[in-house]
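The following block contains the structure:
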């Protein structure tokens, strides 16, 4: 069955009655898909809670680790959904994701912190700028074979990163504004955190005072012995999850629209789509620009929590992480993208850090092994060395997972359910037999 | 891999292909501007000579490393993103052996094997081509053998089970290999940039140009000479051995090659052995020339190598050599016009332009459609 309109007919039996909002949401996301995502998320929470309790974390530590897990699951889900539009739907092999994310975030920084626009207007402007760059890259690049497109997009991302990190463009004047990329350390000034505006009267004063909602919200979390910064993080995670829902809704709608059906047709056989009179270039450029814009917005949502911006956040590894996540979930499926983002962000990306924290808390080795030879001196030094270097091992694991997936299960966890290009499933004969 | 007939490729192309002509015009304009700057004195001749020499040195390394990439591109038809980290792996293995030979008996084996990690001992060992030639030769050979073996091993485990899959699947798998390999090296050697040669020991020679001079050092000369020797070796292999003929045949048309009785897997094995070996050589020489090892030694130049390979025509080994040399020289010379932090940007821009305008490259390599 397809991701999308599977249950549509069940929930709107008459068809002539006006659809309620609930029905419409049901129409784009079948109950089983939502349930699948929820079950995945709950299973992952259960794993982390179990490990946290075994590792002896206090209540606040547990909540804060769940908050971190949700954060990374959500940000990866956002970028993966955007990539799925480009690669899963339109078959465009973009490995310059980090570049588009950087453009989005830097534009946001310039528009809000440096020029002084309000958060939503700055975000809108940044998304528009990113989509323009997406179209700019797509315009000539679409004539290329997939592997050449890959090289061009990666080179584009690297050019973006060197320009953003260069001393030459650290400060300059553009259209009468003194702006700048800030060189290797990134531009000065903290990005506004949207969630703070909901909670504080003056979010950027030295000791921000909660507003009425903030009082209520922090009071609520005090009941569960959760401190204010964790509570704030939880609200941010919820804010991100809301955007995951919006992205999902938007992309499922896009996928089922006539536009999305053409994209799927292009992915399956571009010549046929052309023969049917579709201007495939236009569709590909639009899909690429939209995907890039969503990547830019994802980067904004990701890094406004952190505040600071540096070019090192956008090394090519970010791109490859997103690809691993999409391949885990299965390219071509939006539900798969969300699940891939969750599994990747929580288990593969965040999991090792969490385990490192727990082990470090429990195990204080007398001698700190500094080389791999010290590590083979015994079991304790080996564990300590391994956990100290977990950030490296984590990427080794990712690489191995990527190779195994592409060898054994290139369609990912849910890729088998790749959405069909036609508006109804032509292989589904049940309707005819009744 | 097949050469275009010599009189054909430039003359007629300029007439039939306005885009190539445009490229040539832009190149000539830059060259004229360089002459103008030299004449007016905005750029000193010795500065240009310095850029040119460092461009040749860098370009030879890129060209040497590009041969392996071009080989796998033409024979296995995929862009191998693990190529850069093969360079790094070869370099680390080779320098471990050089350190062991030089410091044997004086310094603990663990420290030597980890190239002086965590303590920096390069000044104590005082390595350079003149003070420790034997250790450098052995290290070089270890680099070649290790990278060749690693390439074949990776092929067995990762790429061989995927022979029937698309180039994109292989590309993605190679990205996985690159990530795993680089961080495995990090896990063993720790993230740092150990210096491997003792700078004061390296012989230098100033060469007068105009009113100033530029310096060449023995390690740069070693890189250029060894790379040139290996390139000539590859040329002889391709043109005058049965294996070379088989490789060219397979790059041209795999099915036709199979019909004539060429064993595909045997050619693939030698492709990895030779390509991997040359890659290890490039890694060792690059570290020798720049004086230190780096976890991203290969990854950082991977796109530059791609630029060279693409410029020369993907899949063309001769193209990879000439393209690599051109990219090396152009990226260094670009400092005349651009800030020095944009040397790789210049290389990438050329690569993108070539891909968009002339995807077959200047030398039109062979890749099956």
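Chains as they are written, first to last, in this note's numbering: chain D, 34 to 467; chain B, 125 to 493. Glycine included, every Cβ here is placed at the ideal spot set by N, Cα and C. Keep in mind that this is a model prediction, so the values were computed, not measured.
- Non-local beta-carbon contacts of residue 192/B in its own chain, meaning distances under 7 Å to residues more than five positions away in sequence, involve 207, 399, 400, 402, 403 in chain order.
- If you draw a 10 Å sphere on the C-beta of residue 408/B, you find 16 or more other C-beta atoms in it, and that means buried.
- Judged by DSSP in its simplified three-state form, residue 405/D adopts helix.
- Taking a cut-off of 8 Å for Cβ pairs, the segment 242-258 of chain B and the segment 441-450 of chain B do not touch, as fewer than three such pairs fall below it.
- If you look at residue 329/B, you'll find it in the beta strand (DSSP E) that goes 328-333.
- According to the DSSP assignment, residue 199/D belongs to no beta strand (DSSP E), since it is labelled neither H nor E.
- Shown here, residue 243/D sits in a strand according to DSSP, grouped into three states.
- Contact between the segment 171-181 of chain B and the segment 375-389 of chain B is absent: fewer than 3 CB-CB pairs across the two stretches fall below 8 Å.
- For residue 211/D, the enclosing beta strand (DSSP E) has its first and last residue at 210-212.
- Ranked by how close their Cα comes to the Cα of residue 238/B, the residues 310/B, 266/B, 294/B, 167/B have 310/B in first place.
- In this structure, 376/D is the residue among 376/D, 349/D, 292/D with its C-alpha nearest to the C-alpha of residue 359/D.
- Between the alpha carbons of residue 476/B and residue 188/D lies a gap of roughly 8 Å.
- For the set 391/B, 483/B, 280/B, 228/B, the Cα lying nearest the Cα of residue 298/B is the one of 280/B.
- In this structure, the beta-carbon distance from residue 147/D to residue 227/D does not fall below 8 Å.
- For residue 337/B, the enclosing beta strand (DSSP E) starts and ends at 336-341.
- By DSSP's assignment, residue 163/D forms no beta bridge with any residue.
- CA-to-CA, the gap between residue 285/B and residue 226/B works out to about 41 Å.
- Here the segment 280-292 of chain D makes contact with the segment 353-368 of chain D; the two share three or more CB pairs at distances below 8 Å.
- Under a criterion of Cβ atoms nearer than 8 Å, the residues of chain B adjacent to residue 443/D are, in order, 289, 293.
- If you check the CB distance, residue 172/D and residue 299/D do not come in under 8 Å.
- One Cα belongs to residue 230/B, the other to residue 416/B, and the distance between them is close to 22 Å.
- For the C-beta of residue 285/B, the chain D residues within less than 7 Å are, from N- to C-terminus, 440.
- Against residue 310/B, the close residues of chain D are 425, in the order they occur along the chain (beta-carbon pairs closer than 7 Å).
- Among the residues of chain B, none has a CB under 8 Å from the CB of residue 412/D; the nearest is roughly 18 Å distant.
- DSSP places residue 220/B inside the alpha helix (DSSP H), whose first and last residues are 207-227.
- For the segment 416-470 of chain B, the continuous alpha helix (DSSP H) assignments of 4+ residues that do not extend past its boundaries occur at 421-436, 441-457, in sequence order.
- At a Cβ-Cβ threshold of 8 Å, residue 352/D and residue 97/D do not count as neighbours.
- Restricting attention to 381/D, 347/D, 251/D, 128/D, the CA atom closest to the CA of residue 80/D is found in 381/D.
- As summarised for the segment 272-335 of chain B, the continuous beta strand (DSSP E) elements at least 3 residues long and confined to that stretch are 328-333, given in chain order.
- Rounded to whole angstroms, the gap between the alpha carbons of residue 181/D and residue 470/B is 18 Å.
- Between residue 300/B and chain D, the shortest Cβ-Cβ separation is below 8 Å.
- When 9 Å is used as the limit between beta carbons, residue 203/B is near these residues of chain D: 180, 181, 183, 184, in chain order.
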